[in-house]
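Here the protein sequences line up with chains A and B, keeping their order. Letter 162 of the first sequence, counting from 1, is numbered 162 in my numbering, and no numbers are missing. Quick note: to get my numbering, add 1000 to the position in the second sequence (first position is 1). For each residue, glycine too, the CB sits at the ideal point set by N, CA and C. Only one structure is covered here, and it is reproduced in the block below.
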Amino acid sequence: MKKGLLSAVALLATVVGAATMTSCAPKNVINIRAWNDEFKRFFEKYVSDEKIDSMTTNEAGDTVENPNAPKTYHVDGVPVKWSIVPSQDAQYQDKLDIALEKQEKASEGEKVDMFLAEADYILKYADSATTQNIREIGVTDMSKTYNYTVQAASDRNGVVKGVSFQCCPSALIYNKVIAEDVFGTSDPAVIQEKLSDWDKFNEAAAAVKAKGYFMTASVEDSYRVFSNNATTPWVDANGNVSIPEAINGWKAQSKLFIEKEYTVNDGVWGDEKNKNIVKDKETGYKGKAFCCFGPAWYYNFCMGGATKGDWRICKGPQAHFWGGTWLMAATGSNNTDAVAKIMNAFINDETVCENLIKNDGQFTNNQTVNARVAAEYTASNKGNEFLGGQNDTAIFLDLAKNIKFENATNYDQICNEKFQQFYREYLGGSVTESKAIENFYKDVKTKYSHLIVPVAEEAK
Amino acid sequence: MKAISLERKEKKKKVTYDRWGLYFIIPFFVVYFLFTLIPQLLTIFYSFFEYYRKTVGVYIGPNFIGFQNYVNLFKPIDSSGTIDILKYFGNTTIMWIVGALPQFLIALILAVMFTSTRLNVKGQGFFKTVFYLPNVIMASAFSLLIFQVFGRVGPINQIIVMNGGNTVDFLRQKTSVRALIAMTNFVMWFGNTTIVLMAGIQGIDESLFESARIDGASSFKVFKDITMPLLKPIFIYCFITSMIGGLQMFDVPQILTAGQGTPDFTSKTIVMFINEVLRAKDYGKSGAISMILFIITGILSLIVYKITNKD
Chain A
1 MKKGLLSAVA
11 LLATVVGAAT
21 MTSCAPKNVI
31 NIRAWNDEFK
41 RFFEKYVSDE
51 KIDSMTTNEA
61 GDTVENPNAP
71 KTYHVDGVPV
81 KWSIVPSQDA
91 QYQDKLDIAL
101 EKQEKASEGE
111 KVDMFLAEAD
121 YILKYADSAT
131 TQNIREIGVT
141 DMSKTYNYTV
151 QAASDRNGVV
161 KGVSFQCCPS
171 ALIYNKVIAE
181 DVFGTSDPAV
191 IQEKLSDWDK
201 FNEAAAAVKA
211 KGYFMTASVE
221 DSYRVFSNNA
231 TTPWVDANGN
241 VSIPEAINGW
251 KAQSKLFIEK
261 EYTVNDGVWG
271 DEKNKNIVKD
281 KETGYKGKAF
291 CCFGPAWYYN
301 FCMGGATKGD
311 WRICKGPQAH
321 FWGGTWLMAA
331 TGSNNTDAVA
341 KIMNAFINDE
351 TVCENLIKND
361 GQFTNNQTVN
371 ARVAAEYTAS
381 NKGNEFLGGQ
391 NDTAIFLDLA
401 KNIKFENATN
411 YDQICNEKFQ
421 QFYREYLGGS
431 VTESKAIENF
441 YKDVKTKYSH
451 LIVPVAEEAK
Chain B
1001 MKAISLERKE
1011 KKKKVTYDRW
1021 GLYFIIPFFV
1031 VYFLFTLIPQ
1041 LLTIFYSFFE
1051 YYRKTVGVYI
1061 GPNFIGFQNY
1071 VNLFKPIDSS
1081 GTIDILKYFG
1091 NTTIMWIVGA
1101 LPQFLIALIL
1111 AVMFTSTRLN
1121 VKGQGFFKTV
1131 FYLPNVIMAS
1141 AFSLLIFQVF
1151 GRVGPINQII
1161 VMNGGNTVDF
1171 LRQKTSVRAL
1181 IAMTNFVMWF
1191 GNTTIVLMAG
1201 IQGIDESLFE
1211 SARIDGASSF
1221 KVFKDITMPL
1231 LKPIFIYCFI
1241 TSMIGGLQMF
1251 DVPQILTAGQ
1261 GTPDFTSKTI
1271 VMFINEVLRA
1281 KDYGKSGAIS
1291 MILFIITGIL
1301 SLIVYKITNK
1311 D
């Protein structure tokens, strides 16, 4: 009996001891939240200090760092901890919101220090108390960045809350092999001439289809070209939801493209879309897609299965931008110096920016470096490997001048995602067009009950 | 001093163990009170309030609005006049019935076959394991598998295309989506029902079957007049649990339709609706939907209970 009691006490002591050991060590970490590992890779490659914590003895008997041990990444000696949640269906925002709302009560090691935000919902965070003025934490020089990136990360009073590590003018990315088959050439200047406006684009689609290819990889591929040129917001200042005029262009085009089978009724991140840009081992590009639209991050990060060197870019029918990743400084962070250091590295450190372009095909948020590399590429006739050595930096340099970040609202991600989803139900034939639009409004209303949608008001 | 301690020892000997039963059930009641009862009461409480998140860190309410959340749920918000909550309730019921009918039919047949001393089926352990296996896999994993298999570029469509057919949008058509959801639920749950029903049949006195057979009753007559009446309590138990589970259907349709209940919200269930509203941090509205589901489940269970206990 006594023995049993003793062992029970011992067990209890161990448990309590273990619990206090883990709880008494709230080590300071830099918490960063993101929706994929794109930024993480660049951060680990160029900005953070790499450290190997485990030591080993080599053949000569010296104590050295263990090359097989996992590496940890630090900024000013503080380790970095990532939390990555996919962005689809606003999951990333949901989880981030919960963390930010708990920020005050969170323990030192759990406070969010920096989080990434996308163009579609940056305003929600920039224009809230969850982010802080980056000029006050030490990011003062934004002279080399693109103006729209600063404007996007500012609240309604013009206080800047974050910086973008990239600039995202978007272009038309086309398949060289299919271009040669259909148009007899893959020269970007000639192809641009053939696709310089939407009428020509639709005409070209017929020619591409005649040869047995799809024009775009999915019906959603051209959506951003229209939506990011919208002249009215999804939601006005009074909370009224309305579909911007610019979207009508996509509606008409998508109807035509589905009817004529110029493309497939799939999402821009869908499996079928992916299949359409990947070269088949046996049949090559037979029955595949001619083009898609996207900025530098798109073809360098999201076209993983596509064959390097088989693609080219040109400006396409309409100038636009797509996405962009901003680094936001969270209110309540206890590592503001490190956050400022990271932000400064991505916009002002010329070595980092140059590496991002040359090694990773990025188009950075440092105008000086972009211009210098573009000129260097032109002089040496070099460029992006994915595009068979085409100088994409020069093209983007030109396109970046026109980017205007206007009409953004807190609700853009859901509005854009859901509009496409419900409209595709119509394109697939399961509902009428007016029903699809009603369903879109209904869904927005369910997710944001304080917004006013047209159909609901009429029904009342 | 000594006298007192002796007296205590006397007392200790008389200790009864009556209360131990109560002590043992305390943990359950504490956990139930903290993690089930209080949240349930809060759900009811908040269903009478306007209480939602407007944007990150900004909440509206709680403001008392009486039954307004309930009233709003029964207001149509589109031109066709569809009342969403009724539509989602209808979807849930249809998908449950389509899955539950074959589930009970097959389970009953299998249970009768396996317990029949006349048939004396060999390898029962093996079959029981196989039938039960789908239930061991997580519903989400199982639905993800179905999602991949029936996707536009999945193996089923590959076979169709290879044989000269056109790609079929299984996951975007009302009938096929509902059928797939019902089928997945059926495959997952029929093994479980079979095993419960088998236990029920095995609980029936074997001599009844024997005497019926001696009297020359056919297998069907034995089933109709002996098995079914005596199995009734277990069968009702299975039916009610399946109904409650069916009304709370969530995981399979959520994953098969990527949380959208496509197409045209025809495979969106009540719990998917609650989940969506709760994700939007609308505590008042989600509380009201939960209460409606609770009331409906209660009424239906009561009806089933009353009907089956008539005779």
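- Residue-level contact by beta carbon fails for Q413 of chain A and chain B, as no gap is shorter than 8 angstroms.
- The continuous alpha helix (DSSP H) containing T1129 of chain B extends over residues Q1124 to V1136.
- In chain order, G323 and G324 place their CB closer than 6 angstroms to the CB of A119 of chain A, counting only its own chain and leaving out the 5 sequence neighbours on each side.
- Among the residues facing chain B, T57 of chain A is not included, as its CB has no counterpart in that chain under 8 angstroms away.
- Neighbours of A1280 of chain B in chain A, taken as residues whose beta carbon is under 8 angstroms from its own, are T446, K447, Y448 and S449 in chain order.
- In the DSSP assignment, P188 of chain A falls within the alpha helix (DSSP H) that extends over P188 to K194.
- The continuous beta strand (DSSP E) containing W326 of chain A extends over residues T325 to A329.
- Among the residues of the stretch 73-106 of chain A, those with a Cβ less than 7 angstroms away from any Cβ of chain B are D89, D94, D97, L100 and E101, in the order of the chain.
- K1087 of chain B and S1267 of chain B have their C-alpha atoms some 10 angstroms from each other.
- G428 of chain A reaches chain B at D1169, R1172, Q1173 and P1263, counting residues in chain order whose Cβ is nearer than 9 angstroms.
- Take the alpha-carbon of I134 of chain A and the one of C415 of chain A: they are about 29 angstroms apart.
- C-alpha of A205 of chain A to C-alpha of Y262 of chain A: approximately 6 angstroms in a straight line.
- Here DSSP, grouped into helix, strand and coil, assigns N391 of chain A to coil.
- A436 of chain A: member of the alpha helix (DSSP H) spanning E433 to K447, first to last residue.
- Under a criterion of Cβ atoms nearer than 8 angstroms, the residues of chain B adjacent to A129 of chain A are, in order, G1057.
- At a Cβ-Cβ threshold of 8 angstroms, N410 of chain A and K124 of chain A count as neighbours.
- Rounded to whole angstroms, L327 of chain A and S1301 of chain B show a C-alpha spacing of 53 angstroms.
- Not flagged as an interface residue toward chain A: I1181 of chain B, since no C-beta distance is shorter than 8 angstroms.
- The DSSP-derived three-state label of R33 of chain A is strand.
- Using a Cβ-Cβ distance cut-off of 8 angstroms, the stretch 1058-1071 of chain B and the stretch 1268-1287 of chain B are in contact, since at least three pairs of beta carbons, one from each stretch, lie closer than that value.
- Where K1285 of chain B is concerned, the enclosing alpha helix (DSSP H) starts and stops at Y1283 to T1308.
- According to the DSSP assignment, A289 of chain A belongs to no alpha helix (DSSP H) but to the beta strand (DSSP E) extending over A289 to G294.
- For the 8 angstroms CB-CB criterion, F1147 of chain B and L1171 of chain B form a contact.
- By the Cβ-count criterion, M55 of chain A is exposed, with fewer than 16 other Cβ atoms from all chains shown falling within 10 Å of its own Cβ.
- Residue pairing by DSSP places C314 of chain A opposite A:L172 in a beta bridge.
- Chain order gives no chain A residues near V1252 of chain B, where near means a beta carbon separation below 9 angstroms; the closest approach is about 18 angstroms.
- Taking C-beta atoms as the reference points, Q362 of chain A and A296 of chain A count as a pair closer than 8 angstroms.
- At a cut-off of 8 angstroms between beta-carbon atoms, V1277 of chain B makes contact with chain A.
- In this structure, N265 of chain A sits near R424 of chain A, with a CB-CB distance shorter than 8 angstroms.
- Following the DSSP letters along the chain, one finds L1022 of chain B inside the alpha helix (DSSP H) bounded by residues W1020 to Y1032.
- P1233 of chain B: member of the alpha helix (DSSP H) spanning M1228 to L1247, first to last residue.
- In the three-state scheme derived from DSSP, where H, G and I count as helix and E and B as strand, D49 of chain A is classed as strand.
- If you draw a 10 Å sphere on the C-beta of G1200 of chain B, you find 16 or more other C-beta atoms in it, and that means buried.
- Neighbours of Q421 of chain A in chain B, taken as residues at a C-beta separation under 7 angstroms, are given in chain order as Q1260.
- Your pair A330 of chain A and F115 of chain A checks out as a contact, with CB atoms roughly 6 angstroms apart and the cut at 8 angstroms.
- N31 of chain A is a Cβ neighbour of V112 of chain A, given a cutoff of 8 angstroms.
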